[in-house]
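The opening residue of the sequence shown carries number 152 in our numbering; numbering runs sequentially from there. For every residue, glycine included, the Cβ atom is placed at its ideal position computed from N, Cα and C.
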Amino acid sequence: MCLKQVMIKFLCFCGRWGIYDLDDCSYGAQYLADVGKADCDKLCIDGRSAGGYSTLACLTFKNVFGAGASHYGIGDLEALAGDTHKFESRYLDNLIAPYSGDGIKIYKERSPINYVEKLDCPIALFQGDEDKIVPPNQAEMMYKAVKEKGIPTMHVLFKGEQHGFRKAENIQTALDGEFYFFSKVFGFKAADNDIKLPIANLK
Numbered sequence: 152m153c154l155k156q157v158m159i160k161f162l163c164f165c166g167r168w169g170i171y172d173l174d175d176c177s178y179g180a181q182y183l184a185d186v187g188k189a190d191c192d193k194l195c196i197d198g199r200s201a202g203g204y205s206t207l208a209c210l211t212f213k214n215v216f217g218a219g220a221s222h223y224g225i226g227d228l229e230a231l232a233g234d235t236h237k238f239e240s241r242y243l244d245n246l247i248a249p250y251s252g253d254g255i256k257i258y259k260e261r262s263p264i265n266y267v268e269k270l271d272c273p274i275a276l277f278q279g280d281e282d283k284i285v286p287p288n289q290a291e292m293m294y295k296a297v298k299e300k301g302i303p304t305m306h307v308l309f310k311g312e313q314h315g316f317r318k319a320e321n322i323q324t325a326l327d328g329e330f331y332f333f334s335k336v337f338g339f340k341a342a343d344n345d346i347k348l349p350i351a352n353l354k
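As structure tokens, this is what we get:
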């Protein structure tokens with residue numbers, strides 16, 4: 152792909168984060184279900200960082216997935232605009248809009264935390280307690296809101312981890328924990344998975 156093509160793709164995406172990515176994820180998953188390649192009742196989504204935001208937003212704004220797992224993802228875009236590391240502080244200007252004037256309304260409209268009433272499916276959240284890019288309060292806010300709704304949810308906070316887990320044991324716990332969460336939510340046995348993590352509101 153030449154530089155011109157890259158720039159065209161970038162410019163087309165500018166301001167559309169929280170729209171195009173959600174459509175890509177939901178339409179792709181729905182297509183697989185429609186052609187019999189996936190169980191429409193057990194579609195899951197997971198993502199990390201920006202993908203974690205797409206995960207939370209898909210679960211909130213799209214009626215396609217039955218459960219999801221967000222790894223250091225974003226639930227409140229407004230809070231991120233004010234709390235993130237200074238080197239990331241203008242990152243959202245192109246992805247969404249500058250955080251001022253009419254742009255503030257867009258941040259509110261695309262933040263899953265502001266539309267928790269639309270959420271009705273289980274969510275697992277994995278977060279590092281030293282994350283300066285997506286601070287721990289992002290996962291904490293979503294966990295509290297989902298838990299208060301009575302929806303099954305899990306929050307795993309890794310001590311000493313930042314934005315992207317580095318310790319092998321924590322990476323393994325996050326992978327196994329996500330699989331364990333989905334197995335409990337959808338009622339299947341997770342083979343070769345001995346991990347047990349607390350899931351709130353699981354019946």
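Is the beta carbon of residue i sitting closer than 8 Å to the one on residue j?
i	j	result
tyrosine 258	tyrosine 250	yes
histidine 314	aspartate 282	yes
leucine 194	alanine 184	yes
glycine 203	arginine 261	no
cysteine 165	cysteine 209	no
tyrosine 331	asparagine 344	yes
lysine 298	asparagine 352	yes
isoleucine 346	threonine 324	yes
leucine 207	serine 221	yes
lysine 127	valine 267	Outside the modelled stretch of the chain, which goes from 152 to 354, sits residue 127, for which no answer is possible.
When the Cα atoms are used, what is the spatial distance from residue i to residue j?
i	j	result
glycine 224	valine 186	30 Å
glutamate 227	alanine 218	Position check: residue 227 holds aspartate in this sequence, whereas glutamate was assumed. Distance between the alpha carbons of aspartate 227 and alanine 218: 19 Å.
glycine 328	lysine 335	11 Å
asparagine 288	alanine 189	34 Å
glycine 198	glycine 252	30 Å
arginine 167	lysine 340	39 Å
cysteine 191	phenylalanine 212	17 Å
lysine 295	alanine 342	30 Å
glycine 179	valine 215	10 Å
proline 286	glutamate 229	13 Å
lysine 256	leucine 348	37 Å
phenylalanine 316	aspartate 280	11 Å
methionine 293	aspartate 234	16 Å
glycine 311	alanine 248	32 Å
glycine 338	glycine 254	42 Å
Could you check where the alpha helix (DSSP H) with residue i kicks off and where it finishes?
i	result
valine 215	Neither: valine 215 is in no alpha helix (DSSP H) and is coded neither H nor E.
aspartate 327	319-337
glutamine 289	288-299
glycine 233	228-234
glutamine 278	Element bounds for glutamine 278: not the alpha helix (DSSP H) but the beta strand (DSSP E), 274-279.
leucine 243	242-246
tyrosine 258	254-260
Give the DSSP-derived three-state secondary structure of residue i in the structure shown.
i	result
isoleucine 196	strand
glycine 166	coil
serine 205	helix
What are the boundary residues of the beta strand (DSSP E) that residue i is part of?
i	result
leucine 173	Element bounds for leucine 173: not the beta strand (DSSP E) but the alpha helix (DSSP H), 171-185.
phenylalanine 309	304-309
Any beta carbon of chain D sitting closer than 8 Å to that of residue i?
i	result
leucine 308	The structure shown contains no chain D; it holds only a single protein chain.
With a threshold of 7 Å (Cβ to nearest heavy atom), would residue i be considered close to the ligand FMN?
i	result
glycine 224	Questions concerning the ligand FMN fall outside what the structure shown contains, since it holds no ligand whatsoever.
* Asked: Does the region 267-277 come close enough to the region 306-323 to have 3 or more Cβ pairs within less than 8 Å?
  -> Verdict: yes, contact present.
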